[in-house]
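One structure below.
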Amino acid sequence: MEPKVDVPLFIEDPDRIPTEAVPENFVSYTLKHQEARPPITWSNWYKELHWLHVFIIFVPPTLGFIGAWSTPLRLKTAIWFVVYIHLTGFGLTAGYHRLWTHRAYKATKGLEYTLAILGAGVIEGSIAWWARGHRAHHRYTDTDHIMQWSRPDGDNRP
Ligand SMILES: [Zn+2]
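Read in order, the letters of the sequence shown are residues 288 to 445 in this note's numbering.
Structural data, given as structure tokens:
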């Protein structure tokens, strides 16, 4: 049995939740303790964006397109692109997803470090953050829980 922890009814700052206060079922906990986000409209959409993430999503690819457009493609670069995208993808799928999220197999420390370094190349956050989010995804995907969360009007049609 878990020790009783005094948990506040409303979490002011979700980034500062004491870890001992968060039960295993993080999604239910969050649904119960946080106010619903307002519907996104034309007048408030910019307030709902995480601007650091917007920067990360748009600026590096834009710089990549500019570089690709302005620089002649060399065979070595093309080969490295294919190798790199597959290696980092392997870090995500075999490492972040199968190893750390689903514990689908055991790995040696050497393989863990290799997959962690390769997985970092896809720039999808830390292993712990990714695994937590993906476990929540598997737990509530296609259930009323997640549909009501994403549809404040209660319309659960897909
Ligand atoms: Zn999965």
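Built from N, CA and C at the ideal position, the CB exists for glycine as well.
So the candidates are P325, T388, L350, A381; which of them puts its Cα closest to the Cα of I404?
Ranking P325, T388, L350, A381 by Cα distance to I404 puts A381 first.
If you draw a straight line from the C-alpha of L379 to the C-alpha of R324, how long is it?
Roughly 30 Å between the two C-alpha positions.
For T388, verify whether its CB is less than 7 Å away from any heavy atom of ligand 1.
Yes; taking the cut-off as 7 Å, the Cβ of T388 has a heavy atom of ligand 1 nearer than that.
Could you check where the alpha helix (DSSP H) with W338 kicks off and where it finishes?
Note, W338: alpha helix (DSSP H), 338–357.
Express the C-alpha separation of Y383 and K393 in angstroms, rounding to a whole number.
Spanning the two alpha carbons is a distance of roughly 13 Å.
Helix, strand or coil, according to DSSP, for W436 in the structure here?
Summary for W436: the model assigns pLDDT 47, below 50, so the residue's position carries little reliability, and this model does not support an answer.
Could you tell me if the beta carbon of H421 falls within a distance shorter than 7 Å of some heavy atom in ligand 1?
Checking the Cβ of H421 against ligand 1 gives yes.
Can at least three beta-carbon pairs, one atom from the region 406–418 and one from the region 369–378, be found at a separation below 8 Å?
Output reads yes: the region 369–378 touches the region 406–418.
Does at least one heavy atom of ligand 1 sit under 7 Å from the Cβ of H425?
Checking every heavy atom of ligand 1 against the Cβ of H425, one is found closer than 7 Å.
Out of Y371, S413, T401, A418, state which residue places its alpha-carbon closest to the alpha-carbon of A391.
Considering only alpha carbons, the answer is A418.
Take the Cβ of P445 as the centre, count every other Cβ of all protein chains shown within 10 Å, and call the residue buried at 16 or more, exposed below.
Note that P445 scores a pLDDT of 44, beneath 50, so its modelled location is shaky and nothing firm can be said.
Roughly how many angstroms separate the alpha carbons of A355 and W329, rounded to a whole number?
Their backbone Cα atoms lie some 34 Å apart in a straight line.
For a test of the three-state rule: what should DSSP assign to V369, helix, strand or coil?
Residue state, collapsed to three classes: helix.
Indicate the three-state DSSP secondary structure (helix, strand or coil) for H425 in the structure shown.
Three-state result, H425: helix.
Just to confirm the assignment, what range does the alpha helix (DSSP H) spanning A407 have?
Unbroken alpha helix (DSSP H) run through A407: 396–407.
Are there 16 or more other CB atoms within 10 angstroms of the CB of L360, so buried, or fewer, so exposed?
Exposed, because fewer than 16 other Cβ atoms sit within 10 Å of the Cβ of L360.
Under the criterion of a Cβ to heavy atom distance below 7 Å, does H320 qualify as lining ligand 1?
Checking the Cβ of H320 against ligand 1 gives no.
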